[in-house]
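Report on one structure; see the data block that follows.
4 protein chains.
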Amino acid sequence: MNKYKTIREQAYESNMQLPALGLVFSTFGNVSVADRDKGVFAIKPSGLAYDKLSPENMVIVDFEANVIEGDLRPSSDTKTHAVLYKYWENIGAVVHTHSKFATSWAQTLRDIPIYGTTHADYLTTDIPCASPMADDKITGNYEYETGFQVLNHFKEHRLKYEEVEMILVGSHGPFSWGKTGEKAVFNSALLEYVAELAFITEQISPEVGRLKKSLIDKHWQRKHGANSYYGQ
Amino acid sequence: MNKYKTIREQAYESNMQLPALGLVFSTFGNVSVADRDKGVFAIKPSGLAYDKLSPENMVIVDFEANVIEGDLRPSSDTKTHAVLYKYWENIGAVVHTHSKFATSWAQTLRDIPIYGTTHADYLTTDIPCASPMADDKITGNYEYETGFQVLNHFKEHRLKYEEVEMILVGSHGPFSWGKTGEKAVFNSALLEYVAELAFITEQISPEVGRLKKSLIDKHWQRKHGANSYYGQ
Amino acid sequence: MNKYKTIREQAYESNMQLPALGLVFSTFGNVSVADRDKGVFAIKPSGLAYDKLSPENMVIVDFEANVIEGDLRPSSDTKTHAVLYKYWENIGAVVHTHSKFATSWAQTLRDIPIYGTTHADYLTTDIPCASPMADDKITGNYEYETGFQVLNHFKEHRLKYEEVEMILVGSHGPFSWGKTGEKAVFNSALLEYVAELAFITEQISPEVGRLKKSLIDKHWQRKHGANSYYGQ
Amino acid sequence: MNKYKTIREQAYESNMQLPALGLVFSTFGNVSVADRDKGVFAIKPSGLAYDKLSPENMVIVDFEANVIEGDLRPSSDTKTHAVLYKYWENIGAVVHTHSKFATSWAQTLRDIPIYGTTHADYLTTDIPCASPMADDKITGNYEYETGFQVLNHFKEHRLKYEEVEMILVGSHGPFSWGKTGEKAVFNSALLEYVAELAFITEQISPEVGRLKKSLIDKHWQRKHGANSYYGQ
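Now the structure itself:
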């Protein structure tokens, strides 16, 4: 147990943040946190209620999705997490939820347009929505292919996963990631907030235009890069 | 009292879940839990505030809707529950609420289209909406006929109640059921969640299409059937 | 103080229900409770925060809107309450809020259409919206005229205040009443709930039709009149 | 420390009101409170979580935006606050949030139309939305120019900052102000409430008209000016 104590605790804490932030209904969400040195991640057990979680029942899995330690079956989305860790070497945590507004946008198969500075404080592009997979991949190794659906969307649209730390998987729901569990969960919450703002914005003015480039650049630079001046 | 202790307690616990989950306004909701061996069910008393409920004041009723034990009048919807228990032999609990989004869909007389995997994790069809009854049935034995309105809708549309554990009664509101009180209440909460997602989805993209068949089948199979791999 | 103790306490309790039920923002709401024998009512002081209220600081006012007892200025809507008590002899309490959905409907100057049985359980008509007053009445004795705006709307549309216990004052917000403070506050909460359901319903299906007459009659009769069978 | 104790405490209390009132997501909001005699204001440190705030870590800044006292970096919006204090001599506090409905209206670049008496109780005009700045100002001294964007909008539209205590900065979000921290925070909450009412109102009736002039004048006069009669 001790060997994976840190990621067990971080995965537990991050999973518990999801209901606290109002991002999950029932058990519909999961967080994993990786230990890059050991080549494993700790992830929520499948279908277990949040009030039954503990650091001890997090499941330890390697980047090929093999269970390394743990008595319970890991999240049904485990293979998707494993693919992201394997190919994106700089991420330390992955989150999946079915939060209301992000999931609804995913169901429309639309990217979430960048309408304001709240969005631009964290990313300079629309929040991408990956198209549903071809049928043969769905009937095949589905959760594994979901990982590649995400990877391929980033490759095709020349997005960088270090800069755009979230995606909508079309017809399904949001995934986010980050260096730490805390950051990946924050990204899930930010995505849900921006998804709601974009929803209300379009309801008020269906013909609204995107944020202009100078504001996108300014707000991104305030929080990121060499001359950032936000935070401590 | 002891004879019905288990279903009294289960019905009480399940009724108390409705306000905890935000599914009822005032007293507008009721849960019953059946004991198939004894041929009875325990149901909430009519119009009683949730903070006045106790296992002891649940009313015991048979499948012909006769009160078997209890000083209070049972829920005004009791005959609907009785019909469902009588004709659907594999259900152990029934729930009725006026939850916001499910009731609003019921008021439109529309089925809730299957737009995403959150929906498909639990059922492979649209959530059905039964049309309002003919006037002579409404002026007649109304709550009893409401039961048949549900049964007939399932028969006419060749739906299986073991697979589709919920319905909207047009102009009125949602009913759900399940093997246990816990599962029937979960189905009510799931219905409300999916109803809200579908509402937001259509607001964002009025011309959105249904989930494609391969995804419907995959998500259903993940959670149900011989090769399911969700949960423990 | 003792002379008006009962209505002071009832008015206090009922006023405190408004924030508990999520019906008020800031101090935008007030409840009064009448003592018909003494010809007075107790009402919230104007602009006082809810956490500063007590039975002792409720203001006692007669049906001509004269302050009978109390150090604080009564609600700015006091004259409206007084007019309703004076002309509608069977009401014992009045409530005014700026609750979100009811106020928004009032701002559209539309009646809230009767779309479902949740609405029909409490009234058989649309929830009426009174038109804004003529300018000379607004610049004149405004709150007093608001009372007549309500009375005249009921007279012109042949509505009975014992059956329809609520109204929207156009461009302003909802008023409700009832035999007791508890019932009048319930009516405010019911109005807000029905207003939200009607909003969602029209968003889902803009061309939705009203509830059919047989269902309106049935649901009203279940809860009211000689053969009612709802509650204990 | 003692020298600025009062404004440190007021700024702390007012900042803590923002999450309590549901006006901020994460750290997206800040309040400052000024001491006019000393020519300084106390403001939230940049990017610090609300549960980490204390009166002691508020940053003291002068009206040229120079830090006078404090170990932490002040809010990234500090220059905007400083400009408002410098040119508007009768304000004692400034608030900025990214609250949901106000921010969404800002993203549409629309003023919030005056649709009802809830709005008119506090201001007699639409809630103004300032256009985004020219690109050279954005790439230049951005937060400083945001202050002038607000000042210039008021000047060009002949609005008085003592009467209209709030604005939407287009594509960004709301700012409000007032004599005290308490009043400025109230104005932020009022703006969010009115923004939500206006949103719902337009959804129900897209062609709704503005509140008529007589009602605007009456409600303003009830609460403000020589003959006001609201409150104690």
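Protein chains in written order, with the UniProt record's numbering: chain A, 1 to 232; chain B, 1 to 232; chain C, 1 to 232; chain D, 1 to 232.
Glycine included, each C-beta is placed from N, C-alpha and C at the ideal position.
Because the structure is a prediction, the values reported are computed rather than measured.
Cut-off 8 Å between Cβ atoms - residues of its own chain near residue i, not counting five sequence neighbours on either side
i              : result
T118 (chain C) : Y193, V194 and L197
7 Å Cβ cutoff met for residue i and residue j
i              : j              : result
N57 (chain D)  : P45 (chain D)  : yes
L211 (chain A) : I127 (chain A) : no
V61 (chain A)  : L123 (chain A) : no
V31 (chain A)  : V95 (chain A)  : yes
K218 (chain A) : Y4 (chain D)   : no
T97 (chain A)  : I43 (chain A)  : no
G173 (chain C) : T103 (chain C) : yes
G181 (chain C) : A93 (chain C)  : yes
L18 (chain D)  : G29 (chain D)  : yes
S188 (chain C) : L23 (chain C)  : yes
V185 (chain A) : S14 (chain A)  : yes
L168 (chain C) : A106 (chain C) : yes
S76 (chain D)  : R222 (chain A) : yes
G231 (chain A) : G47 (chain D)  : yes
F63 (chain B)  : K38 (chain B)  : no
A120 (chain C) : I216 (chain C) : yes
W88 (chain B)  : Y161 (chain B) : yes
Reduced DSSP secondary structure (H/G/I, E/B, other) of residue i
i              : result
N204 (chain A) : Just to set this straight, residue 204 (chain A) is Ile in the shown sequence, not Asn. Here I204 (chain A) sits in helix by DSSP.
G173 (chain D) : strand
I91 (chain A)  : coil
D35 (chain B)  : strand
E69 (chain C)  : strand
N227 (chain C) : coil
G22 (chain B)  : coil
M16 (chain D)  : helix
V55 (chain B)  : Note that residue 55 (chain B) is Pro in the sequence shown, not Val. Correct three-state label for P55 (chain B): helix.
F41 (chain D)  : strand
P157 (chain D) : It is worth fixing the name first, because residue 157 (chain D) is His in this sequence and not Pro. In this structure, H157 (chain D) counts as coil in the three-state DSSP scheme.
L48 (chain D)  : coil
G29 (chain B)  : strand
H98 (chain B)  : coil
I114 (chain D) : coil
L168 (chain A) : strand
A120 (chain C) : helix
Test: residue i CB closer than 7 Å to a CB of chain A
i              : result
I138 (chain D) : yes
G47 (chain D)  : yes
T180 (chain D) : no
Y4 (chain B)   : no
V31 (chain B)  : no
Beta carbon proximity, residue i to chain C, threshold 7 Å
i              : result
T117 (chain D) : yes
Q17 (chain D)  : no
D135 (chain B) : yes
T146 (chain B) : no
F25 (chain B)  : yes
T201 (chain D) : yes
I204 (chain D) : yes
R110 (chain D) : no
Residue i: contacting residues in chain B (beta-carbon distance under 8 Å)
i              : result
E196 (chain C) : K100
Own chain residues within Cβ distance below 6 Å of residue i, not counting five before or after
i              : result
E69 (chain C)  : I60
I91 (chain D)  : W177
T139 (chain D) : none
Below-7 Å beta-carbon distance, residue i vs any chain D residue
i              : result
Q107 (chain C) : yes
D121 (chain C) : no
Contacts around residue i, its chain only, beta-carbon distance under 7 Å, and the 5 residues preceding and following it disregarded
i              : result
S131 (chain A) : L109 and G170
Amino acids of chain A, ordered along the chain, whose beta-carbon sits closer than 8 Å to that of residue i
i              : result
S171 (chain D) : Y115, G116, T117, L211, K212 and L215
T80 (chain D)  : Correct list: empty, because the minimum Cβ distance to chain A is about 13 Å.
Cross-chain neighbours of residue i in chain C, by beta carbon under 9 Å
i              : result
K183 (chain D) : Here the premise fails: no neighbours, minimum Cβ distance about 12 Å.
Chain B contact for residue i (CB, 7 Å cutoff)
i              : result
L72 (chain A)  : yes
Q232 (chain C) : yes
Y50 (chain A)  : no
Chain C residues whose Cβ lies nearer than 7 Å to that of residue i
i                     : result
residue 233 (chain B) : Nothing can be reported for residue 233 (chain B), as the shown portion of chain B is limited to 1 through 232.
Within chain D, the residues that residue i reaches when beta carbons sit closer than 9 Å
i             : result
F28 (chain C) : T118, D121 and Y193
Beta-carbon neighbours of residue i, restricted to chain C and to distances below 8 Å
i              : result
V208 (chain D) : Q107, T108 and L109
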